[in-house]
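J.: Quick note, the sequences are listed as chains A and B, same order.
Everything in the first sequence is counted per numbering that gives the first Met the number 0, starting at 0 for the first residue and increasing by one.
Everything in the second sequence is counted per numbering that gives the first Met the number 0, starting at 0 for the first residue and increasing by one.
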Amino acid sequence: MFRSRRQSETLTRAGLYAAYALIIIFFLFPIYWVLSMSLKTVPQLFATPPVWFPIPPQFSNYAYVFSETPILRYLLNSAIIVVLTVFFALLISTLAAYGFSRFTFRYKKPSLLAVLVFQMISPVVISIPLYRLFESLNLLNNYASVVLVYVAVVLPFTTWFLKGYFDTIPYEVDEAAIVDGATRLQVLGRILLPVCAPGIATAAILAAVLSWSQFVIPFILVDNRNLFPVSVGLVNLQSSTETITLHYLSAASIVAITPVIAIFVLLQRYIVSALTSGALKG
Amino acid sequence: MSVKAARRRWIEALAGSPLPWLLPLALVLAFTFIYPIIEIIRLSFTNAGLTGGNYSYTARSYRLLFGSPYFSDMIKATVIFVFFSVIFQMLLGFVIALLVDQGAKRGMRASIVTRTAVLSAWAIPGVIIGIIWNILYQESAAGVLNYLLHALGFGSVPFLSDPGAALASVTVANIWRGTAFSMILLYAGIQTLPGDVLEAAKVDGASAWQRLTRVMLPLLAPIILINLVIVSIDTFNTFDMVLALTGGGPGRSTEVVALSIYDLIFQQFHLGQGAATAVLLLAINAIMTAIYLRLERTEEIT
Numbered sequence: 000m001f002r003s004r005r006q007s008e009t010l011t012r013a014g015l016y017a018a019y020a021l022i023i024i025f026f027l028f029p030i031y032w033v034l035s036m037s038l039k040t041v042p043q044l045f046a047t048p049p050v051w052f053p054i055p056p057q058f059s060n061y062a063y064v065f066s067e068t069p070i071l072r073y074l075l076n077s078a079i080i081v082v083l084t085v086f087f088a089l090l091i092s093t094l095a096a097y098g099f100s101r102f103t104f105r106y107k108k109p110s111l112l113a114v115l116v117f118q119m120i121s122p123v124v125i126s127i128p129l130y131r132l133f134e135s136l137n138l139l140n141n142y143a144s145v146v147l148v149y150v151a152v153v154l155p156f157t158t159w160f161l162k163g164y165f166d167t168i169p170y171e172v173d174e175a176a177i178v179d180g181a182t183r184l185q186v187l188g189r190i191l192l193p194v195c196a197p198g199i200a201t202a203a204i205l206a207a208v209l210s211w212s213q214f215v216i217p218f219i220l221v222d223n224r225n226l227f228p229v230s231v232g233l234v235n236l237q238s239s240t241e242t243i244t245l246h247y248l249s250a251a252s253i254v255a256i257t258p259v260i261a262i263f264v265l266l267q268r269y270i271v272s273a274l275t276s277g278a279l280k281g
Numbered sequence: 000m001s002v003k004a005a006r007r008r009w010i011e012a013l014a015g016s017p018l019p020w021l022l023p024l025a026l027v028l029a030f031t032f033i034y035p036i037i038e039i040i041r042l043s044f045t046n047a048g049l050t051g052g053n054y055s056y057t058a059r060s061y062r063l064l065f066g067s068p069y070f071s072d073m074i075k076a077t078v079i080f081v082f083f084s085v086i087f088q089m090l091l092g093f094v095i096a097l098l099v100d101q102g103a104k105r106g107m108r109a110s111i112v113t114r115t116a117v118l119s120a121w122a123i124p125g126v127i128i129g130i131i132w133n134i135l136y137q138e139s140a141a142g143v144l145n146y147l148l149h150a151l152g153f154g155s156v157p158f159l160s161d162p163g164a165a166l167a168s169v170t171v172a173n174i175w176r177g178t179a180f181s182m183i184l185l186y187a188g189i190q191t192l193p194g195d196v197l198e199a200a201k202v203d204g205a206s207a208w209q210r211l212t213r214v215m216l217p218l219l220a221p222i223i224l225i226n227l228v229i230v231s232i233d234t235f236n237t238f239d240m241v242l243a244l245t246g247g248g249p250g251r252s253t254e255v256v257a258l259s260i261y262d263l264i265f266q267q268f269h270l271g272q273g274a275a276t277a278v279l280l281l282a283i284n285a286i287m288t289a290i291y292l293r294l295e296r297t298e299e300i301t
């Protein structure tokens with residue numbers, strides 16, 4: 000029996016669609032379920048069979064979460080920490096990436112690898128000595144110390160990524176400008192940065208997503224509730240949640256993940272290419 | 000020569016050196032990584048408390064740690080968690096990467112939707128993944144997974160209250176979370192495969208399975224190994240997701256190594272033993288990193 004090429008192609012496509020459906024259900028069902036929980040009334044939480052699409056959706060759950068829990072405070076705290084982290088991480092890693100890209104020096108390769116190695120270290124391990132140090136210096140519950148650690152955690156990635164980006168621009172461009180009397184800082188600011196804007200934007204997005212998700216560092220270095228970022232705030236909220244208030248916890252979770260999911264869905268093409276280039280280069 | 004000129008020359012010499020460019024990076028990394036690493040190793044050999052006070056040097060923490068039944072429980076939980084997470088993340092990631100690649104080559108939009116769905120799971124902060132799965136695993140009437148099992152004719156599973164089931168539950172949630180990373184990496188690897196080699200194998204009559212196992216997998220071997228090492232490191236370091244999902248319980252059945260460090264230090268106030276456990280995790284990180292660097296180097300030569 001011969002199947003025609005066209006027939007077999009149709010079968011392949013049908014198979015692919017079926018596989019995609021399964022994959023999408025597996026990965027989106029948990030998110031969908033929590034979204035649906037967040038819009039339920041209390042009796043609906045425990046209904047059997049479950050209420051798949053709560054009608055009418057209880058948007059009042061969100062109003063409750065915003066007014067009765069400090070989630071807005073947490074979101075604002077996260078935003079402050081993320082913005083500061085991205086700013087300083089990009090500043091430091093742009094300089095370093097320029098150094099690694101534009102100079103040749105002894106031990107360059109080992110120092111680049113050393114930067115990468117720090118990415119492998121568990122934040123739990125470094126947070127403990129830092130807790131003792133900051134405690135003795137009275138720097139716990141202090142955004143300056145927290146942001147410093149956040150910056151350090153994203154630096155290896157941003158440095159490597161930007162170095163790779165700078166490498167794609169020929170050194171002759173710099174040389175021409177330097178011959179014309181520009182300083183290296185001017186070369187970086189006026190020539191390289193504008194050309195590398197897309198790369199810097201991608202690095203900023205990834206640094207932001209990484210810092211938004213960061214948990215261990217603020218969990219250990221911050222114990223003042225007013226300063227919690229959203230990740231720590233939610234765990235705190237979870238510990239005071241009963242089964243009967245699951246809809247509120249669900250709503251708070253949805254609020255916390257909306258910014259990152261939105262960024263990922265809108266900018267996934269850039270993110271995917273950044274991740275793969277970073278991962279493939281090392 | 001005036002002081003001004005001397006200073007100018009000095010500045011020029013510096014501008015020609017990479018040092019000022021790299022210094023901020025070096026300082027931040029030294030302070031946040033090198034200092035704590037030295038400090039945690041030192042602390043693991045003391046009887047110090049969490050917040051200062053006098054202490055003396057001793058290896059007692061290691062003796063207590065290795066002798067305690069908690070230690071073997073922690074190792075068991077960690078090994079099971081890491082082993083199954085890594086295997087299934089990579090397997091699932093590879094299968095999805097292949098399927099997405101096939102669809103993308105046919106111009107199917109659904110392949111992009113699929114990729115986005117997998118990625119969005121990965122974008123969610125770890126603690127919230129823990130909370131989400133905790134809601135799914137609820138053992139009251141609010142638990143949807145048990146409802147689905149019932150609907151399919153199975154009995155209910157004590158997802159979070161039975162030690163063995165809880166470890167499996169945590170592992171499944173972690174597979175859900177981490178598959179995206181392997182998928183992206185392996186998808187990128189598949190894109191670098193020489194199309195003519197695959198085509199030639201097809202022309203020579205190799206079946207799809209033969210092309211996969213005899214042509215693709217050997218070509219992808221380096222990237223699969225690198226993927227394996229990175230995913231293993233990440234999984235050993237897992238903390239936030241497990242903390243929010245089970246808190247290490249029931250009992251200590253899901254207390255993986257990073258959680259155990261936190262528990263020993265901040266709940267039981269055994270700084271020494273916690274530090275010793277941290278040194279163990281650090282050693283695991285170091286070994287995996289060494290393997291990774293080794294792979295990177297051979298990768299470059301070939």
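Idealized CB from N, CA, C, for every residue including glycine.
#1: Excluding the 5 residues preceding and the 5 following Ile262(A) in the sequence, name in chain order all residues of the same chain whose CB lies nearer than 7 angstroms to its CB.
#2: Give the DSSP bridge partners of Thr45(B), in chain order.
#3: Leaving out five residues before and five after Leu94(A) in sequence, what residues of the same chain have Cβ atoms less than 7 angstroms from its Cβ?
#4: Determine the direct distance from the alpha carbon of Val228(B) to that of Ile290(B), and round the result to whole angstroms.
#5: Using the beta-carbon of each residue, which ones in chain A are nearer than 8 angstroms to Leu281(B)?
#6: Hey, how far is the Cα of Leu42(B) from the Cα of Gly180(A)?
#7: Using the beta-carbon of each residue, which ones in chain A are nearer than 8 angstroms to Trp208(B)?
#8: From which residue to which residue does the alpha helix (DSSP H) around Pro217(A) run?
#9: Since Gln57(A) is in the alpha helix (DSSP H), which residue starts that stretch and which ends it?
#10: Are the CB atoms of Ile125(A) and Phe235(B) nearer to each other than 9 angstroms?
#11: For a contact meaning CB atoms closer than 8 angstroms, what does Leu98(B) contact in chain A?
#12: With a threshold of 8 angstroms on Cβ separation, who are the neighbours of Pro197(A) within its own chain once the five nearest residues in sequence on each side are excluded?
#13: So what does DSSP say about Gly15(B), is it helix, strand or coil?
#14: Is DSSP giving Phe263(A) helix, strand or coil here?
#15: Give the residues from the region 172 to 204 of chain A that approach chain B closer than 7 angstroms (Cβ to any Cβ), ordered along the chain.
#16: Between Ala78(A) and chain B, is any beta-carbon pair separated by less than 9 angstroms?
#17: Quick one: what's got a C-beta closer than 7 angstroms to Leu184(B)'s C-beta in the same chain, skipping five residues either side?
#18: Looking at Ala257(B) and Ile40(B), is the spacing between their C-beta atoms short of 9 angstroms?
#19: Suppose you measure from the CA of Leu233(A) to the CA of Arg12(A); what does that come to, to the nearest Å?
#20: I'd like the list of long-range same chain contacts for Leu270(B), defined as Cβ closer than 7 angstroms, with 5 residues on each side in sequence excluded.
#21: For the region 71 to 101 of chain B, which residues have a CB atom closer than 7 angstroms to at least one CB atom of chain A, in sequence order?
#22: Could you check which residue in Arg296(B), Tyr186(B), Ala207(B) has the C-alpha nearest to that of Leu91(B)?
#23: Compare the C-alpha of Pro122(A) against each of Ala277(B), Ala4(B), Leu292(B) and name the closest.
#24: Below 7 angstroms between beta carbons is the criterion; list the residues of the region 212 to 238 of chain B that meet it against any residue of chain A, in chain order.
#25: Are the C-beta of Gln272(B) and some C-beta of chain A separated by less than 9 angstroms?
#26: With a CB to CB cut of under 7 angstroms and the five nearest residues on each side skipped, what residues in its chain are close to Thr297(B)?
#27: Return the CA-CA distance between Thr45(B) and Thr57(B), expressed in angstroms with no decimal places.
#28: When the cut-off is 9 angstroms and only beta carbons count, does Ala250(A) lie next to chain B?
#29: State yes or no: is the C-beta of Leu283(A) within less than 9 angstroms of the C-beta of Ala255(A)?
#30: Under three-state DSSP, which class holds Gly273(B)?
#31: If you run the structure through DSSP and keep just helix, strand and coil, what is Val156(B)?
#32: For the region 32 to 55 of chain A, which residues have a beta carbon sitting closer than 8 angstroms to at least one beta carbon of chain B?
#33: Relative to chain A, which residues along the region 154 to 182 of chain B have a C-beta separation below 9 angstroms, given in chain order?
#34: Just the chain A side, please: which residues come within less than 7 angstroms of Gly125(B) by C-beta, in chain order?
#35: Closer than 9 angstroms, CB to CB, is Ser290(A) near chain B or not?
T.: Result, derived from the coordinates:
#1: Looking up residue 262(A) in the first sequence gives position 263. Closer than 7 angstroms at the Cβ level, and outside the excluded window around Ile262(A), lie Ile204, Val208.
#2: Looking up residue 45(B) in the second sequence gives position 46. Note: Thr45(B) sits in a beta bridge opposite Tyr56(B).
#3: Locating residue 94(A) in the first sequence gives position 95, where the first residue counts as 1. If we look at Leu94(A) and ignore the five residues flanking it on each side, it has no Cβ neighbours.
#4: Translated into positions along the second sequence, residue 290(B) becomes position 291. Translated into positions along the second sequence, residue 228(B) becomes position 229. Rounded to whole angstroms, Ile290(B) to Val228(B) spans 8 angstroms at the Cα level.
#5: The sequence position of residue 281(B) within the second sequence is 282, counting from 1. Within 8 angstroms Cβ-Cβ: Ile120, Ser121, Val124.
#6: Sequence index remark: in the second sequence, residue 42(B) carries index 43 (1-based). Sequence index remark: in the first sequence, residue 180(A) carries index 181 (1-based). The C-alpha of Gly180(A) is placed about 53 angstroms away from the C-alpha of Leu42(B).
#7: Translated into positions along the second sequence, residue 208(B) becomes position 209. The premise fails here: Trp208(B) is roughly 15 angstroms from chain A at the closest Cβ pair, so nothing lies under 8 angstroms.
#8: Taking the first residue of the first sequence as 1, we reach residue 217(A) at position 218. 215 to 220 is the span of the alpha helix (DSSP H), which, as asked, contains Pro217(A).
#9: Residue mapping note: residue 57(A) aligns to position 58 of the first sequence, counting from 1. Where Gln57(A) is concerned, there is no enclosing alpha helix (DSSP H), given that its DSSP letter is neither H nor E.
#10: Counting from 1 along the first sequence, the entry for residue 125(A) is found at position 126. Counting from 1 along the second sequence, the entry for residue 235(B) is found at position 236. In this structure, Phe235(B) does not lie closer than 9 angstroms to Ile125(A) by Cβ.
#11: As a position in the second sequence, residue 98(B) is number 99, starting the count at 1. The answer, in chain order, is Leu15, Ala18, Tyr19, Ile22.
#12: The residue given as residue 197(A) occupies position 198 in the first sequence. Excluding residues within five positions, the ones whose Cβ falls inside 8 angstroms are Tyr269.
#13: Your numbering for residue 15(B) matches position 16 in the second sequence. Of the three classes helix, strand and coil, the one that applies to Gly15(B) here is coil, per DSSP.
#14: In the first sequence, residue 263(A) corresponds to position 264, counting from 1. Reduced to three states, the DSSP call for Phe263(A) is helix.
#15: Thr182, Arg183
#16: Locating residue 78(A) in the first sequence gives position 79, counting from the first residue. No, its Cβ sits nowhere closer than 9 angstroms to a Cβ of chain B.
#17: Against the second sequence, residue 184(B) aligns to sequence position 185. Only Ile222, Asn226 meet the Cβ criterion.
#18: Counting from one through the second sequence, the residue named residue 40(B) turns up at place 41. Counting from one through the second sequence, the residue named residue 257(B) turns up at place 258. No, they are not a contact pair.
#19: Walking along the first sequence from the start, residue 233(A) turns up at place 234. Walking along the first sequence from the start, residue 12(A) turns up at place 13. In a straight line, the C-alpha of Leu233(A) is about 42 angstroms away from that of Arg12(A).
#20: One-based indexing of the second sequence puts residue 270(B) at position 271. Closer than 7 angstroms at Cβ, skipping near neighbours: Leu42, Ala47, Gly48, Leu49, Ile264.
#21: Listed by position, the residues of the region 71 to 101 of chain B near chain A (Cβ gap below 7 angstroms) are Ile95, Leu98, Gln101.
#22: Counted from its first residue, the second sequence places residue 91(B) at position 92. Minimum Cα-Cα distance from Leu91(B) among the listed residues Arg296(B), Tyr186(B), Ala207(B) corresponds to Tyr186(B).
#23: Residue mapping note: residue 122(A) aligns to position 123 of the first sequence, counting from 1. Ranking the options by Cα distance to Pro122(A), first place goes to Ala277(B).
#24: Ile232, Asn236, Phe238
#25: The count along the second sequence starts at 1 and reaches residue 272(B) at position 273. No, its Cβ sits nowhere closer than 9 angstroms to a Cβ of chain A.
#26: One-based indexing of the second sequence puts residue 297(B) at position 298. Around Thr297(B): no qualifying Cβ.
#27: Here residue 45(B) refers to the residue found at position 46 when the second sequence is read from its first residue. Here residue 57(B) refers to the residue found at position 58 when the second sequence is read from its first residue. Rounded to the nearest angstrom, the two C-alpha atoms are 5 angstroms apart.
#28: Walking along the first sequence from the start, residue 250(A) turns up at place 251. Ala250(A) has a beta carbon lying at 9 angstroms or more from every beta carbon in chain B.
#29: With chain A represented from 0 up to 281, any question about residue 283(A) goes unanswered, as that position is not in the structure.
#30: Here the question's residue 273(B) lines up with position 274 in the second sequence. Helix at Gly273(B).
#31: If you number the second sequence from 1, residue 156(B) lands on position 157. Residue state, collapsed to three classes: coil.
#32: Trp32, Val33, Met36, Leu44, Phe45, Ala46, Thr47, Pro48, Pro49
#33: Ala172, Trp175, Thr178, Ala179, Phe180
#34: Mapped onto the second sequence, residue 125(B) falls at position 126. Neighbours of Gly125(B) on chain A, chain order: Ser212, Phe214.
#35: Residue 290(A) lies beyond the range of chain A shown here (0 to 281); nothing can be said about it.
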